[in-house]
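*Asks:*
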Amino acid sequence: MLDAFVTAFITLFIIVDPVAIAPVFASLTQDAPKDHQRRMAIKGVVVATGILFFFALVGKPFLGAMGISMDGLRVAGGIMLFIIALEMVMEKRFERKEESAHKMEDYFEDISVFPLGLPLLAGPGSIATVMLLMTNVEGDFPGQIMVYLALGLTMLITLGFLFAAGKVMRVLGPSVNGVITRVLGIILAAMAGQFVLDGLKNTFFGA
1103 MLDAFVTAFI
1113 TLFIIVDPVA
1123 IAPVFASLTQ
1133 DAPKDHQRRM
1143 AIKGVVVATG
1153 ILFFFALVGK
1163 PFLGAMGISM
1173 DGLRVAGGIM
1183 LFIIALEMVM
1193 EKRFERKEES
1203 AHKMEDYFED
1213 ISVFPLGLPL
1223 LAGPGSIATV
1233 MLLMTNVEGD
1243 FPGQIMVYLA
1253 LGLTMLITLG
1263 FLFAAGKVMR
1273 VLGPSVNGVI
1283 TRVLGIILAA
1293 MAGQFVLDGL
1303 KNTFFGA
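The C-terminal position of the sequence shown is numbered 1309 in the working numbering, with every residue numbered one higher than the one before it.
Written as structure tokens, this is what we have:
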């Protein structure tokens, strides 16, 4: 039973990859106050956790009923991520936030559901992984509990990474943050492109 927990935890931690997601989150919220950043981190993790638990419970029948494949999710998620990445590289997000601030006092963009919760944390890879882990322990109730516990621990650790990343970005200052944001935008664009390529390759040439 412990083996099932360790295997699930290591797999989910690698796939969710909070180490890589945290600086992206910090870049997306760098102009927001500390309390807003914390709310976005908590809400985003709660949303992602809910999505992953949902797919762990009823993922296969739900996707089957909707006629949606995992590769379809990969392509859609990749396109959405690419739009965010383009805005990061071109600083369009900052311009839009400035414009919104003139229209609404104390307005700060809510990035908790999209893109943080979905597809950054609960992306096609993590959704497919949690469904596969549950398939591996099908009919094994203690094993299923271990997968749920591993998922919960992974998301708690992810929340800690998100909190820490915000503090680091505040220390670095706006100039360094601007450079980091552009670099992360390029990395995010590459990640988005890989999502789309994987989805198309699996669709037309098989997994």
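Yeah, the Cβ is synthetic: ideal placement off N, Cα and C, and Gly gets one too.
Beta-carbon within less than 7 angstroms of V1160's beta-carbon, same chain only, minus the 5 sequence neighbours each way: which residues are those?
*Replies:* none
*Asks:* Using alpha carbons as the reference points, say which of L1114, P1163, A1187, I1144 lies closest to A1266.
*Replies:* The candidate whose alpha carbon is nearest that of A1266 is I1144.
*Asks:* Put Q1246 into one of helix, strand or coil per three-state DSSP.
*Replies:* helix
*Asks:* Could you tell me the distance, in whole angstroms, from the CA atom of I1112 to the CA atom of I1229?
*Replies:* Rounded to the nearest angstrom, the two C-alpha atoms are 15 angstroms apart.
*Asks:* Tell me the residue span of the alpha helix (DSSP H) that contains A1150.
*Replies:* 1136-1168
*Asks:* Buried or exposed: D1137, going by 16 or more other Cβ atoms within 10 Å of its Cβ?
*Replies:* exposed
*Asks:* Tell me, please, whether the region 1108-1127 touches the region 1169-1184 by the rule of three or more beta-carbon pairs shorter than 8 angstroms.
*Replies:* no
*Asks:* Return the CA-CA distance between L1251 and V1108, expressed in angstroms with no decimal places.
*Replies:* Looking at the two C-alpha atoms, the distance is approximately 10 angstroms.
*Asks:* Taking just the CA atoms, how far does L1165 sit from A1128?
*Replies:* Approximately 32 angstroms between the Cα atoms of the pair.
*Asks:* Using the Cβ count rule (16 or more neighbours within 10 Å means buried), how would you classify P1244?
*Replies:* Burial state of P1244 is exposed, judged by a 10 Å Cβ sphere holding fewer than 16 other Cβ atoms.
*Asks:* In its own chain, which residues sit with a C-beta less than 6 angstroms from the C-beta of T1283, not counting the 5 before and 5 after it?
*Replies:* S1129, M1190
*Asks:* Any idea if S1214 is buried or exposed, counting beta-carbon neighbours within 10 angstroms, 16 or more meaning buried?
*Replies:* buried
*Asks:* How big is the Cα-Cα spacing for T1256 and V1270?
*Replies:* 21 angstroms
*Asks:* With respect to the alpha helix (DSSP H) encompassing I1213, which residues constitute its N-terminal and C-terminal limits?
*Replies:* Segment: none, I1213 is in no alpha helix (DSSP H) and carries neither H nor E.
*Asks:* So I1123 and L1223 are supposed to be a Cβ contact under 8 angstroms. How far apart are they, rounded?
*Replies:* 6 angstroms
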